[in-house]
Amino acid sequence: MASEGYTPRELMVSAAAREIEDGDVAFVGMRLPLIAFQVAVSTHAPNAMSVFESGVVRDDPADGFLHTMCDLPNLNRAVSTTHMGDVMGRLARGDVDVGFLGGAEIDRYGNLNTTRVRAGDREVRLPGSGGACDIACMAGRTVILMAHEPRRFVERVEYVTSPGHGEGGDWREREGLPGGGPAALVTTKATFGFEDGELHLRSRHPGVEAGEVAADFPWELRTSEDVCDEPVATTGTPTDEELDLVREFDPDGFWTG
Amino acid sequence: MPRDKTTGMAEAVSRMDAGSSVAAGLALEHAVPFAAGHELVRQGIDDLTLVGPISDVLFDQLVGAGLVSRIRAAWIGNVSAGSGYNFRRAVEGGALEVENHSNLSVSLALRAASMGVPYLPTRSLLGSDIAAEPQFEVAEDPFEGQRVVQVPAIAPDWAVVHVQRAAPTGDAHLWGNAGITYEAVRAADHVLVTAEEVVDESVIKSDPSRTRITREQVDAVVEVPFGAHPSPVAGHYDRDNEFFLEYAEATRDGFDEWADEWIHGVDGREEYRGLIDRDLSVTEPTVAAEVRYGQ
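These protein sequence lines are chains A and B, in that order. Each residue of the first sequence is one higher than the one before, starting from 63 at the first, in our numbering. Each residue of the second sequence is one higher than the one before, starting from 312 at the first, in our numbering.
See below:
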């Protein structure tokens, strides 16, 4: 049975897919979110729509593997292949419900850095924002996907490429940011929510020990018990249907292996 | 303005001066004008300022060849592999100035130039360190008092655009993802169109809704089949992902050996094409339903 074995990234895709609600317009971007959208629209969210900054607007999974949003299977039988001004305009107007983001570093308020990081006394230059800052500023809510590595969790990011909840509280409102900011973080070990702008542990993936997650954070990580009196749950495992779909959309495990 | 602007790649690219600003890679990962970029490397036209959203290793190659002084872009790397190593080395070594943008801010900067206005406002970038960079100004809008980021216009000297088909006049069809192509073409002082096919003007006029570039903006038209490889061109060939992965490996510690093989070692695009043995052809063409214009 498919669900007897799955990779951490396959679990991330299934968790991310569940963050897309039926009827959502999703700004999908690259890599795992692209597959998560395809899973969501094939299962619980048949009326979701995907938009990509290149201009593609799509309502169903592509009929071939995608390395990037611009691969031909993503254009084939799309609803529309428009341009960035159009798609970003929808985002700026508030018409995009959920956007997905990744990052090299994240801090306790969900601010993301993909521009430059420190490695010892050296500064390492990363590729930059692309559309991530725009999504972070203007999507109704954002879901962040990251590999769970302690060096990625920092008290304050070196450079705010994509603003999260800034300094917490009503920071986004004060800054004048139109979108709602980070709603969830999905890593290879756990899922997290945001309360008053601050990250908290929501669920541990199966097999991840209590205490194992908190040890990876340089600050005292809050949990759902602290913020809403709910015990930390165990992340739902991917269903057979979800796993079959992930493997159909990523047959060689290029993104999810 | 001459009606026939077709010319060879070497001649067209030689019209660009050292010190120019060049916008390219405007349709994101789609139809990146690699053939034109390789000709820039061959001719060694340097001190360039590159403008674009993301460039998917074209900018990395121009940086590796030592041609670039400044980049104004949202993302510079290799979409399949992550980092662009030439870019990384150049920035970390202090040899390259970067003006950080988001995709939307590049788009707005070109849009502003295309409209002849000095800047356009956005509520994106607020609260980011991008907005804090010197090229932007955070301001209050005079009507409702909202905070906005003012994005100054960028008018490149050249925009280089790869399309499926163009007439000798410069009127061109392009379909699939357009990214920020339209803004850049209208913002630039000069436009080089490279095309999979040069076609008769009557082909363009048979479907005017697909015409995205018109002649008065175009300086040169170059026919160059396979001109965007390893990026995809809708209707012609798919992305050569392996090539991007191999490029990352080959340029992790240097660029010259790669450039000797793929740029200096080939006499133009036809010879380059002969080095690719992967099948990237479109196996099941999807053909649009007939469009009727009538009269």
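Glycine included, every Cβ here is placed at the ideal spot set by N, Cα and C.
Candidates the options: closest to residue i by CA position
i: Thr433 (chain B); options: B:Leu419, B:Pro536, B:Phe398; result: B:Leu419
i: Arg521 (chain B); options: B:Ala599, B:Thr562, B:His540; result: B:Ala599
i: Cys132 (chain A); options: B:Val533, B:Ser542, B:Glu508; result: B:Ser542
i: Val275 (chain A); options: A:Ala252, A:Met111, A:Asp258; result: A:Ala252
i: Ala495 (chain B); options: B:Asp549, B:Glu455, B:Gly427; result: B:Gly427
i: Gly231 (chain A); options: A:Met150, A:Leu174, A:Leu261; result: A:Leu261
i: Ile321 (chain A); options: A:Gly67, A:Val308, A:Pro313; result: The structure shown has nothing for residue 321 (chain A), since chain A only spans 63 to 319.
i: Gly605 (chain B); options: B:Glu507, B:Asp518, B:Glu455; result: B:Asp518
i: Pro212 (chain A); options: A:Leu283, A:Gly255, A:Tyr68, A:Pro189; result: A:Leu283
i: Pro536 (chain B); options: B:Gln475, B:Asp588, B:Ala570; result: B:Gln475
i: Leu153 (chain A); options: A:Ala124, A:Val119, A:Arg71, A:Asp84; result: A:Val119
i: Glu271 (chain A); options: A:Glu257, A:Thr297, A:Asp288, A:Cys290; result: A:Thr297
i: Phe398 (chain B); options: B:Asp590, B:Asp564, B:Tyr430, B:Leu485; result: B:Asp564
i: Met208 (chain A); options: A:Asp291, A:Arg93, A:Ala88; result: A:Arg93
i: Asn173 (chain A); options: A:Ala110, A:Arg218, A:Asp183; result: A:Arg218
i: Asp571 (chain B); options: B:Ala338, B:Ser325, B:Tyr430, B:Glu350; result: B:Glu350
i: Asp371 (chain B); options: B:Ile587, B:Asp578, B:Thr562, B:Ile356; result: B:Thr562
i: Leu373 (chain B); options: B:Ala392, B:Val333, B:Ala338; result: B:Val333
i: Thr250 (chain A); options: A:Gly269, A:Gly241, A:Asp302; result: A:Gly269
i: Arg214 (chain A); options: A:Arg180, A:Ala246, A:Gly126; result: A:Arg180
Beta-carbon gap between residue i and residue j smaller than 9 Å
i: Glu512 (chain B); j: Pro463 (chain B); result: no
i: Val248 (chain A); j: Ala77 (chain A); result: yes
i: Asp468 (chain B); j: Ser592 (chain B); result: no
i: Asp148 (chain A); j: Gly117 (chain A); result: yes
i: Leu613 (chain B); j: Ala347 (chain B); result: Any property of residue 613 (chain B) remains undetermined from this structure, which presents chain B solely from 312 to 606.
i: Val529 (chain B); j: Ala483 (chain B); result: yes
i: Val216 (chain A); j: Glu185 (chain A); result: no
i: Gly164 (chain A); j: Ala198 (chain A); result: no
i: Val75 (chain A); j: Pro300 (chain A); result: yes
i: Ala335 (chain B); j: Val472 (chain B); result: yes
i: Gly228 (chain A); j: Gly438 (chain B); result: yes
i: Val390 (chain B); j: His129 (chain A); result: yes
i: Asn414 (chain B); j: Ile491 (chain B); result: yes
i: Ile515 (chain B); j: Val352 (chain B); result: no
i: His145 (chain A); j: Tyr583 (chain B); result: no
i: Arg266 (chain A); j: Val289 (chain A); result: no
i: Pro123 (chain A); j: Phe311 (chain A); result: yes
i: Ala569 (chain B); j: Gly375 (chain B); result: Sequence check: residue 569 (chain B) is Trp here, not Ala. Their beta carbons are under 9 Å apart, which means Trp569 (chain B) touches Gly375 (chain B) by this criterion.
Cβ-heavy atom distance, residue i to the ligand ATP, below 8 Å
i: Cys195 (chain A); result: The ligand ATP is not part of the structure shown, which contains no ligands of any sort.
- [ ] Give the residues from the segment 216-238 of chain A that approach chain B closer than 8 Å (Cβ to any Cβ), ordered along the chain.
- [x] Listed in chain order, the positions of the segment 216-238 of chain A with a beta carbon within less than 8 Å of a beta carbon of chain B are Tyr221, Val222, Thr223, Ser224, Pro225, Gly228, Trp233, Arg234, Glu237, Gly238.
Task: Every unbroken alpha helix (DSSP H) inside the segment 106-141 of chain A [4 residues or more] - done: 134-137
Task: Contact the segment 357-367 of chain B vs the segment 135-144 of chain A: 3+ CB pairs below 8 Å - done: no
TODO: Could you run through the segment 461-475 of chain B and flag, in chain order, every residue whose CB is less than 7 Å away from some CB of chain A?
DONE: none
Open item on the list: If contact is defined by three or more beta carbon pairs under 8 Å, each pair taking one atom from either stretch, is the segment 367-386 of chain B in contact with the segment 405-420 of chain B?
Closed with: Yes: at least three Cβ pairs fall under 8 Å.
Task: Ordered list of alpha helix (DSSP H) runs contained in the segment 190-228 of chain A, each at least 4 residues - done: 194-200
TODO: Examine the Cβ distances between the segment 385-394 of chain B and the segment 183-202 of chain A and report whether three or more of them are shorter than 8 Å.
DONE: When Cβ pairs closer than 8 Å are counted between the two stretches, the segment 385-394 of chain B is seen to touch the segment 183-202 of chain A, the count reaching three or more.
Task: Cβ contact check for the segment 450-469 of chain B and the segment 69-85 of chain A: 3 or more pairs under 8 Å - done: no
- [ ] Taking a Cβ distance cut-off of 8 Å, strictly less, list which residues of the segment 380-398 of chain B are near chain A, in chain order.
- [x] Ala384, Ala385, Trp386, Ile387, Gly388, Val390, Ser391, Gly393, Ser394, Gly395, Phe398
TODO: Entirely within the segment 221-274 of chain A and at least 4 residues each: give me those alpha helix (DSSP H) ranges in chain order.
DONE: 233-237
Open item on the list: Under 8 Å, CB to CB, which of the residues in the segment 321-347 of chain B have a partner in chain A?
Closed with: Ala338, Leu339, Glu340, His341
Open item on the list: Which residues of the segment 477-489 of chain B have a Cβ closer than 9 Å to any Cβ of chain A? Give them in chain order.
Closed with: Trp486, Gly487, Asn488, Ala489
TODO: Would you check if the segment 147-160 of chain A and the segment 202-214 of chain A touch, i.e. whether three or more CB-CB distances between them fall below 8 Å?
DONE: Contact holds: three or more Cβ-Cβ distances are below 8 Å.
Task: Cβ-based contacts, 8 Å cut-off: residues of the segment 137-149 of chain A near chain B - done: Among the residues of the segment 137-149 of chain A, those with a Cβ less than 8 Å away from any Cβ of chain B are Leu137, Asn138, Arg139, Thr143, Thr144, His145, Met146, Gly147, in the order of the chain.
- [ ] Return the residues of the segment 439-457 of chain B that lie within a Cβ-Cβ distance of less than 7 Å from chain A, sorted by chain order.
- [x] Ser439, Asp440, Ile441, Gln457
Task: Under 7 Å (Cβ pairs) to chain A, residues found in the segment 537-567 of chain B - done: Pro543, Ala545, Asp549, Arg550, Asn552
- [ ] Mind the definition here: the segment 503-510 of chain B touches the segment 549-556 of chain B only if three or more C-beta pairs lie below 8 Å; say whether that holds.
- [x] no
- [ ] Entirely within the segment 440-519 of chain B and at least 3 residues each: give me those beta strand (DSSP E) ranges in chain order.
- [x] 448-451, 458-463, 469-477, 501-509
Task: Chain-ordered residues of the segment 493-505 of chain B with a beta carbon less than 9 Å from chain A - done: Tyr493, Glu494
- [ ] Answer yes if the segment 236-245 of chain A comes into contact with the segment 275-293 of chain A, meaning at least three C-beta pairs across the two stretches below 8 Å, and no otherwise.
- [x] no
Open item on the list: So if I threshold CB-CB distances at 7 Å, which residues from the segment 98-129 of chain A count as touching chain B?
Closed with: Here the close residues are Glu115, Ser116, Gly117, Val118, His129.
- [ ] With 8 Å as the limit, tell me which residues of the segment 180-192 of chain A have their beta carbon closer than that to any beta carbon of chain B; keep them in chain order.
- [x] Arg184, Glu185, Val186, Arg187, Leu188, Pro189, Gly190, Ser191, Gly192
- [ ] Select from the segment 416-427 of chain B all residues with a C-beta closer than 7 Å to any C-beta belonging to chain A, and list them in chain order.
- [x] Ser418, Arg422
TODO: Output, in sequence order along the chain, the residues in the segment 238-250 of chain A whose CB is closer than 8 Å to any CB in chain B.
DONE: Gly238, Leu239, Pro240
TODO: Entirely within the segment 350-396 of chain B and at least 4 residues each: give me those alpha helix (DSSP H) ranges in chain order.
DONE: Every alpha helix (DSSP H) of 4 residues or more that sits fully in the segment 350-396 of chain B is shown, in chain order, as 369-375.
Task: Proximal residues, the segment 352-375 of chain B versus chain A, C-beta separation under 9 Å - done: Closer than 9 Å at the C-beta level to chain A, one finds these residues of the segment 352-375 of chain B: Pro364, Ile365, Asp367.
TODO: Could you run through the segment 569-594 of chain B and flag, in chain order, every residue whose CB is less than 8 Å away from some CB of chain A?
DONE: Those residues of the segment 569-594 of chain B placed with their C-beta closer than 8 Å to a C-beta in chain A are Val593, ordered along the chain.
TODO: Output, in sequence order along the chain, the residues in the segment 74-90 of chain A whose CB is closer than 9 Å to any CB in chain B.
DONE: none
Task: Cβ-based contacts, 9 Å cut-off: residues of the segment 152-171 of chain A near chain B - done: Leu153, Ala154
Open item on the list: Report the start-end ranges of each alpha helix (DSSP H) in the segment 283-311 of chain A that is 4 residues or longer and not cut off at the edges.
Closed with: If we require 4 residues or more, the alpha helix (DSSP H) runs fully inside the segment 283-311 of chain A come out as 286-290, 302-311.
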